[in-house]
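With the first letter of the sequence shown counted as 1, position 119 gets the number 749 in the working numbering; the numbers rise by one all the way through. Read the structure below first, then the notes.
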Amino acid sequence: MSLITLTTDFGTKDHFVGAVKGAIYTELADAKIVDITHEISPFNITETAYILKNSYKSFPKGTIHIVGVDSELSFDNKHIALELDGHYFVCPDNGLISMIASEIQPTKIVEINIHDRIESSFPVLDVFVQVACFIARGGNLTVIGKEIKDYKKLIEIQPKANQTQTQIIGGVLYIDNYGNIITNISKKMFQDVGKGRKFKVNASRYSFEKIYNKYNEIVGNNTQDKNRFDGNKLALFNSAGYLEIAIYRSNLKTVGGASSLLGLEYRDPIIIDFFNDSKPEFTTLS
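Here you go:
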């Protein structure tokens, strides 16, 4: 049985997802299809990369991941298939792989060349499905395309430290379902640059001088009256290892999320300043 995942910005109102699944089952009747998400913001490559990077590792080796975001074929947006970390990805070469492959390099990458036989305005259905099913049958990547050595890099998702190592300049990478703000600043980068120094996280007109490891750490020992912390702003490193600005137990219908309350959206800057005077006692990083 072949395991194939789908990550798209198609939504679920239209016929697109159903058509793709039907085409897979026509090619591979025993395939197992898993929807990672179809609610990616339209054409949002960094959101796609963040979600896929933090989900693909939970699947068994050999899983094939079809990615249908900003997938229309053009001179600058070619189609590729690759093997990475024991998984296969069939996707556009629009930069999303650069985040997934930031720590693990692909074993093999090919530029898909079956377009000579297929004219399509819906490449996920007409091209990506055929490629994924070919791989699922044990086909070699080099049969579907010419091997290439590189892929498009998405520079904008990379945070930077200044020359004096006193500041990290990052940005909003993703707004999650709770309205929480996910930045592109990793815990590793924070520790490598900060080296235990006192810091201040600047997010819009708000700042944070403490970073938690879990949401409920903000409650501390106040377990009998923890509801009074509902709606409090906090910074933490989330389960994916990225700096997150959140609202404790946020409710988008009442309290609102961090994005709306702080007035921050995708690509807005998040800056961390480091100070050399002392090591903060309030840092809870492990």
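Just so it is clear, CB atoms sit at the ideal spot from N, CA and C, and this is done for glycine as well.
First through last residue of the alpha helix (DSSP H) which encompasses residue i
i: residue 839; result: Unbroken run through residue 839: none, as it is neither H nor E.
i: residue 646; result: 646–657
i: residue 683; result: 675–683
i: residue 891; result: 888–892
Three-state secondary structure (DSSP) of residue i
i: residue 766; result: helix
i: residue 791; result: strand
i: residue 744; result: helix
i: residue 781; result: coil
i: residue 898; result: coil
i: residue 822; result: helix
i: residue 711; result: strand
i: residue 672; result: coil
i: residue 667; result: strand
i: residue 662; result: strand
i: residue 869; result: coil
Cutoff 8 Å; reference residue i; Cβ partners in own chain excluding five residues on either side
i: residue 803; result: 676, 677, 680, 787, 812, 813, 814, 872, 896
i: residue 783; result: 725, 728
Residues bridged to residue i (per DSSP)
i: residue 810; result: DSSP, once it has assigned bridges, lists no residue as partnering residue 810.
i: residue 698; result: 638
i: residue 864; result: 876
i: residue 804; result: 812
i: residue 799; result: 790, 901
i: residue 775; result: 742
i: residue 722; result: 709
i: residue 633; result: 662
Below-9 Å beta-carbon distance, residue i vs any chain C residue
i: residue 729; result: Annotation note: the requested chain C is absent from the structure, which comprises a single protein chain.
Enclosing beta strand (DSSP E) for residue i [first to last residue]
i: residue 833; result: 828–833
i: residue 730; result: Looking at the DSSP string, residue 730 is not in any beta strand (DSSP E); the run it does join, the alpha helix (DSSP H), is 726–730.
i: residue 686; result: First-last for residue 686: undefined, no H or E at that position.
Contacts around residue i, its chain only, beta-carbon distance under 7 Å, and the 5 residues preceding and following it disregarded
i: residue 775; result: 711, 740, 741, 742, 743
i: residue 767; result: none
Same chain, Cβ closer than 6 Å to residue i, five either side skipped, listed in chain order
i: residue 660; result: 631
i: residue 888; result: 809, 810, 811, 875, 876, 877
i: residue 870; result: 684
i: residue 799; result: 790, 901
i: residue 698; result: 638, 754
Cβ separation of residue i and residue j, assumed to be a contact under 8 Å, to the nearest whole Å
i: residue 650; j: residue 754; result: 6 Å
i: residue 662; j: residue 633; result: 5 Å
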